[in-house]
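Take the sequence shown: its position 253, counted from the start at 1, is 246 in my numbering, and no numbers get skipped.
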Amino acid sequence: MDSFHMHKKYEIYYLLEGSRKYFIDDSIYLVNPGNLVLIDADSVHKTANMGDIPHSRIVINFSSSFIEDFSPEIKDLDLTSIFKTKFTVLPLSFKYKLLVENMLDRLVSLGSLDMEDEQPKALASNDLSSQTPYKKQLIKLLLSELLITLKEYIGILEQKEFESHQIVNNKVDKILKYISANYNQELTLTSIAEQFYISPFYLSKIFKKSTNLSIVEYINSLRIREAKELLEHSSTKISDIAEIVGFSSSSHFSRTFKLVTGLSPQQYKKFYASK
């Protein structure tokens, strides 16, 4: 997706061809063919083109319960911990590239599951759900194998003290960190520019060039992420949440929240209250 978004599921993104710029929270990464990206649940993220080169990729989204309910042994391995390390973009070695691509190909061939339904949905004539009742378990087994393999590979990278290929622009990096620390305050293009002794025009230009986001988009993405946490885990009134996360009015908050999540704050709160 070329607009910022977030979701409760973990994401594995594998680039087959082309090059992409990947924006994750307050960092920007260059992703090349054979790179695998690990995106934690609730991270603000989006991808962007690197020129006019076409690209193809495989994306897998899953919830922690999908894996943890598979078996006690799998749960004890804490496989989702790989999404919380400093290793965000993994350049796979030849050996692990072959292993990972084989597992991804097998997962793709199985299709996907509608997790709101106990029965897998057939996506194609060769979909295993039309031939056997074990498709869901096969997907869990393959996904567990993939996560175990990635955890093993991250252990190797830790020994080599590898760093993810983060795109560094010192000025933009400082701006990202400033906004991340102050998003709940009244921020404008002018006020941020003044903090860094640059013009609003120049700020807007370098920020867009580096992140493919506008300043407003980035600020709102951080505010909505915090609002989702408050709606899920507190009894705070929606009007108060709007003020806490930095919106000037409840109506502006509601419009922006629905644009990002597809639900109004009231609908979102009701959904999680019923779970």
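A virtual CB, placed ideally from N, CA and C, is assigned to each residue, including glycine.
- [ ] Provide the residue(s) that pair with P84 in DSSP beta bridges, ordered along the chain.
- [x] N28
TODO: Since I believe I17 is in contact with T73 (beta carbons under 8 Å), could you give me their beta-carbon distance rounded to a whole number of angstroms?
DONE: About 16 Å separates the two Cβ atoms, so there is no contact after all.
Task: Status (buried if at least 16 other CB within 10 Å, exposed otherwise) for L196 - done: buried
- [ ] Please determine, among Y22, K133, K167, the residue with the shortest C-alpha to C-alpha distance to M43.
- [x] Y22
TODO: Quick one: grab the DSSP three-state call for I60.
DONE: helix
Open item on the list: When you compare the segment 26 to 41 with the segment 2 to 15, are there three or more beta-carbon pairs, one atom per stretch, that lie closer than 8 Å?
Closed with: yes
TODO: In the DSSP assignment, find the unbroken beta strand (DSSP E) run with V52 in it and report its ends.
DONE: 49 to 55
Task: Per-residue burial, P47 [other beta carbons within 10 Å of its own, 16 or more giving buried] - done: exposed
Task: Length of the line joining the Cα atoms of Q259 and I231 - done: 8 Å
Open item on the list: According to DSSP, is F16 part of a helix, a strand, or is it coil?
Closed with: strand
- [ ] Taking 8 Å as the cut-off, decide whether the C-beta atoms of I191 and I172 are in contact.
- [x] no
TODO: Compare the C-alpha of T78 against each of L256, Y15, G148 and name the closest.
DONE: G148
Task: CA nearest to the CA of R50, picked from F63, S56, N28, I67 - done: N28
Open item on the list: At 4 residues or longer, what runs of the alpha helix (DSSP H) sit wholly inside the segment 163 to 210?
Closed with: 163 to 175, 182 to 188, 193 to 204
Task: Reference P26; option with closest CA among L134, R13, S20 - done: R13
Open item on the list: Beta-carbon within less than 8 Å of L97's beta-carbon, same chain only, minus the 5 sequence neighbours each way: which residues are those?
Closed with: Y7, I51, I53, L139
Task: Beta-carbon gap between Y146 and Y89 smaller than 8 Å - done: yes
- [ ] Could you please give the first and the last residue of the uninterrupted alpha helix (DSSP H) stretch that includes L256?
- [x] Premise fails: L256 is in no alpha helix (DSSP H) and is neither H nor E.
Task: Neighbour-count burial assignment, F(-3), 16 or more Cβ in a 10 Å radius - done: buried
Open item on the list: If I follow the unbroken alpha helix (DSSP H) through T142, where does it start and stop?
Closed with: 128 to 153
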